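First comes the structure, then the notes that go with it.
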Amino acid sequence: MPKSATCGTSFNVRVWCNTDPCGLICAVISWLLVLYAESIVVGVVLYPWLKFSFLGLLNTACFTSIAFLALVSHGKAMLTDPGAVPEHAIPAPMSIATKEEQDRLEEQKYRTCRRCRQFKPVRAHHCSICERCVIKMDHHCPWINNCVGLGNHKFFLLFIFYVFLLSLYAMVLVCIRYAHCVNVNCPSTGAIRVVFLVLESMLFGLFTVCMMCDQYSVITTGATQIDRLKGDYTQNFGVREVFGGADTKFSIDWLLPINIWFPKTEQVRLLGYVLASEHIEDGDETFERDSLLSEENKSNYKGDAAECGGSIQKRIAADVIEIV
744 MPKSATCGTS FNVRVWCNTD PCGLICAVIS WLLVLYAESI VVGVVLYPWL KFSFLGLLNT
804 ACFTSIAFLA LVSHGKAMLT DPGAVPEHAI PAPMSIATKE EQDRLEEQKY RTCRRCRQFK
864 PVRAHHCSIC ERCVIKMDHH CPWINNCVGL GNHKFFLLFI FYVFLLSLYA MVLVCIRYAH
924 CVNVNCPSTG AIRVVFLVLE SMLFGLFTVC MMCDQYSVIT TGATQIDRLK GDYTQNFGVR
984 EVFGGADTKF SIDWLLPINI WFPKTEQVRL LGYVLASEHI EDGDETFERD SLLSEENKSN
1044 YKGDAAECGG SIQKRIAADV IEIV
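Going by our numbering, 907 is the number at position 164 of the sequence shown; the sequence numbering is gapless.
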């Protein structure tokens, strides 16, 4: 087995993190912009105005909490495997696929990515920056320095949602402070920094609104940007495909940057692959490479995948390999 790299996007990497210089710079800028907004709102807008009053402390706590959630969501979106197809992936058993998926699988048979030279599931697309095939790839976002795929879609949505809340919150606080200063003589310290804050809030507020509208379409149709460009449409799992779980009932987990999980049958159907039987026997080592497999799913998934491994390999040998 090749030695695992510390970080990167290769098969045996320990920590998923794209080392693209442009993406790293954009990710750092994202953090700096959030921290800048936090410092100006708390230090220039709230404290000189409300000091340590109840409203001052309350607004400081609320704004800081949203900024914290935005940064954690950004970190999770950047450092989470977006759904990269592992090295020893093989097609999922036909028995768990829908009729539509079975027809597509039969037409495409055993697809191999012309760049990865690895098995390419139906819903996977190759990212030239990550240099991996990613399940349900929507796009590569430089602001999170990562692809947006099945594994980190939730964190990406939370990041843009919390950035939108920060932008709106900052604008409201600045407007109220300005209205207050019309009738009260307020010191003008930090006026230029507040102007930059307003410009930042307007720019990223509009940007995140546009992004949320686009992502609403992705959630409701189940088709990513690449799917729509290619005209590919598959079964739509709705919000479960983004937030995980067994049903569409709202949970507080949807608003928190914590890992998602899927019921085992839906998980295999979403991924479009299982791991080869000889690697399934390795137990925890193999499953740790797949970030979408939660601890509670390992025991259930392991038996099903091992049972179907042999029959799948026989079918693969009989199929004509089509380079896609």
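We put the CB at the ideal spot given by N, CA and C, even for glycine.
Quick caveat, the model's predicted, so the values are computed rather than measured.
L789 versus T823 - alpha carbon distance: 35 Å
Span of the alpha helix (DSSP H) holding I1003? Counting along the chain, I1003 falls outside any alpha helix (DSSP H), and DSSP gives it neither H nor E.
How far does the alpha helix (DSSP H) with C918 in it extend, from its first residue to its last? H896 to N926
Tell me which residues share the same chain as T792 and place their Cβ nearer than 6 Å to its Cβ, disregarding the 5 neighbours each side in the sequence. Just to set this straight, residue 792 is Trp in the shown sequence, not Thr. R920, listed in sequence order.
Would the segment 942 to 959 count as touching the segment 897 to 905 if we require 3 or more Cβ pairs under 8 Å? yes
Specify, as a first and last residue, the run of the beta strand (DSSP E) that L1018 falls within. Following the DSSP letters along the chain, one finds L1018 inside the beta strand (DSSP E) bounded by residues Y1016 to L1018.
Cα-Cα separation, S960 to G786: 38 Å
Only counting the same chain, and skipping five residues up and downstream in sequence, which positions put a Cβ closer than 6 Å to that of C876? Once the five neighbours on either side are set aside, the close Cβ partners of C876 are V828, C856, C859, K863, A867 and H869.
Would you decide whether T762 is buried or exposed? Buried here means 16 or more other CB atoms lie within 10 Å of its CB. exposed
Which residues in the same chain have their Cβ closer than 7 Å to the Cβ of Q958, if we skip the five residues on either side of it in sequence? Setting aside the 5 residues that flank it on each side, Q958 is surrounded in the same chain by L900, each with a C-beta closer than 7 Å to its C-beta; the list follows chain order.
Looking only at its chain, what residues have a beta carbon closer than 7 Å to the beta carbon of N979, apart from the 5 residues adjacent to it on each side? T964 and G965
Thinking K897 and F811 are a contact (beta carbons under 8 Å), I'd like their distance in whole angstroms, please. K897 to F811, Cβ: 17 Å. No contact.
Can at least three beta-carbon pairs, one atom from the segment 934 to 948 and one from the segment 773 to 781, be found at a separation below 8 Å? Inter-segment contact for the segment 934 to 948 and the segment 773 to 781 is present: three or more beta-carbon pairs are separated by less than 8 Å.
Cβ distance (whole Å) where V756 is taken to contact C750 below 8 Å: 6 Å
In whole angstroms, give me the CA-to-CA distance for H882 and S808. 28 Å
Taking C-alpha atoms, which residue in I768, V784 and R971 lies nearest to L916? Of the residues I768, V784 and R971, the one whose Cα lies closest to the Cα of L916 is V784.
Beta-ladder partner(s) of F862, from DSSP: T855
Between W886 and C805, is the Cβ-Cβ spacing less than 7 Å? no
Close Cβ partners of Q861 (< 8 Å) along its chain, the five nearest in sequence each way excluded: Only residues of its own chain outside the window of five on either side were considered, and among them V828, E830, A832, T855 and C876 have a CB closer than 8 Å to the CB of Q861, listed in chain order.
Using only the alpha-carbon positions, how far apart do Q1010 and L999 sit? 21 Å
In chain order, what residues of the same chain have a beta carbon less than 7 Å from the beta carbon of P1006, not counting five sequence neighbours either side? A989
Please work out which residues of its chain come closer than 8 Å, Cβ to Cβ, to G799, disregarding the five sequence neighbours upstream and downstream, and give them in chain order. Answer for G799: L789, Y790, W792 and L793, listed in chain order.
Cα-Cα separation between V771 and E874, rounded to whole angstroms: Cα to Cα, the separation comes out at about 22 Å.
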